[in-house]
Structure formats: structure tokens, C-alpha cells
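Engineer: One structure, pasted below without further comment.
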Amino acid sequence: MKQDLWETIKKYYFHWWNNDFLDRIPFWVSAPKDDPQSQEVLFGKRLWIQEKEKFNTQKIIQNAREILRATFYGGLAFPCYFPNFGTDVFSAYLGAEMEFSEIFPPVATGPSFIKEDVISVSWAKWGHPV
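Numbering follows numbering that gives the first Met the number 0, with no gaps: position 89 of the sequence shown is 88.
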């Protein structure tokens with residue numbers, strides 16, 4: 000995105016976030032580009048991440064760039080990317096260390112799963128705050 004275009008778009012969003020507007024509200028439009036290469040990038044399997052690649056940040060970033068290039072941005076839309084590292088990512092934004100793990104807590108499947116005096120995995124991570 001060209002810097003001067005971004006500066007214009009940024010003004011609209013700044014005013015909108017401050018309960019004001021310039022000559023129009025910031026309207027966001029994005030859609031897949033209508034060419035075979037973009038369609039393959041967005042709907043094909045070429046960019047799928049394999050299990051062994053899930054922490055390969057270079058591949059994830061390269062895939063994100065291809066997806067952004069294959070997308071049309073209209074109105075006051077702009078390319079943006081959210082690197083989703085799962086549910087723990089929000090704690091990382093607040094300054095906590097991210098914890099990557101292969102193990103997930105068991106899923107409750109019914110009343111027989113409920114047990115008393117069992118420390119849940121989530122509470123154990125917090126150091127038993129209660």
C-alpha cells in the first residue's frame with residue numbers, strides 16, 4: 000500500500016474511532032480477486048499448513064502475503080494480517096509468555112466426566128489462584 004493512500008485512510012479511521020467523521024464513514028470492502036492465480040491461493044490447498052510446519056513462521060508469513068495479494072480491497076479497506084497463535088495469544092499481547100503445547104486438556108463428554116476435587120489444567124497453569 001502506498002504511504003500517501005494509507006495516510007488518507009488512517010484519517011478516516013482516526014475520526015471514526017473518536018465518534019466523528021469526515022465526509023463519509025470508513026466503509027470496508029474486501030473480496031477475492033477474480034483471476035485463476037488468486038482463486039487458487041485463496042481456495043486451493045497450496046497454502047495449507049502441515050502439522051510439521053505449524054510453527055514455521057517464515058512459511059506462515061509468506062502465505063499471509065500471498066493471501067493479501069490475492070484479495071481486492073475497496074472502499075477504505077486496507078490489507079491487514081492477524082497472526083493467530085491460538086487462545087494463548089491474547090495473554091501474549093498483555094506481556095505474558097506464550098506457552099506452546101502439544102497437549103490439550105480432555106474434552107468433557109458428559110456427566111460421567113465430572114469429578115470432585117480434580118484440579119483442572121487451566122487452573123493449574125494459573126498456580127491455583129483460588
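Even glycine gets a Cβ: it sits at the ideal position worked out from N, Cα and C.
Could you pull the start and end residues of the beta strand (DSSP E) that P31 belongs to?
Structural biologist: Within the sequence shown, the letter at position 32 stands for residue 31. Unbroken beta strand (DSSP E) run through P31: W27 to P31.
Engineer: Taking the beta carbon of P78 as the centre, do at least 16 other beta carbons fall within 10 Å, making it buried, or is it exposed?
Structural biologist: For the purposes of this step, residue 78 is taken as the residue at position 79 of the sequence shown. Counting Cβ neighbours within 10 Å, P78 comes out exposed, since fewer than 16 surround it.
Engineer: For F13, report the span of its alpha helix (DSSP H) as first-last.
Structural biologist: Numbered from 1 along the sequence shown, position 14 holds the residue referred to as residue 13. It spans Q2 to W16 - the alpha helix (DSSP H) in which F13 sits, taken as one unbroken run.
Engineer: For Y72 and S29, which I take to be in contact (beta-carbon distance under 8 Å), what is that distance rounded to the nearest angstrom?
Structural biologist: Here residue 72 refers to the residue found at position 73 when the sequence shown is read from its first residue. Here residue 29 refers to the residue found at position 30 when the sequence shown is read from its first residue. Confirmed, Cβ separation roughly 5 Å.
Engineer: Please state whether DSSP places F71 in a helix, a strand or coil.
Structural biologist: Numbered from 1 along the sequence shown, position 72 holds the residue referred to as residue 71. Correct three-state label for F71: strand.
Engineer: Let me know if K82 comes out buried or exposed under the rule of 16 or more other beta-carbons within 10 Å of its beta-carbon.
Structural biologist: As a working note, residue 82 is residue 83 in the sequence shown. It should be noted that the sequence gives Pro, not Lys, for residue 82. It is exposed - the Cβ of P82 has fewer than 16 other Cβ atoms within 10 Å.
Engineer: Do P25 and T70 have their beta-carbon atoms positioned less than 8 Å apart in this structure?
Structural biologist: Residue 70 sits at position 71 when you count from the first residue of the sequence shown. Residue 25 sits at position 26 when you count from the first residue of the sequence shown. In this structure, P25 does not lie closer than 8 Å to T70 by Cβ.
Engineer: Just to confirm, are L93 and W27 a CB contact at a threshold of 8 Å?
Structural biologist: Taking the first residue of the sequence shown as 1, we reach residue 93 at position 94. Taking the first residue of the sequence shown as 1, we reach residue 27 at position 28. No.
Engineer: Go through its chain and collect everything with a Cβ distance to V40's Cβ below 7 Å, but skip five positions before and after it.
Structural biologist: By one-based count along the sequence shown, residue 40 stands at place 41. Within the same chain, V40 has close Cβ partners L46, E65, I66 and A69.
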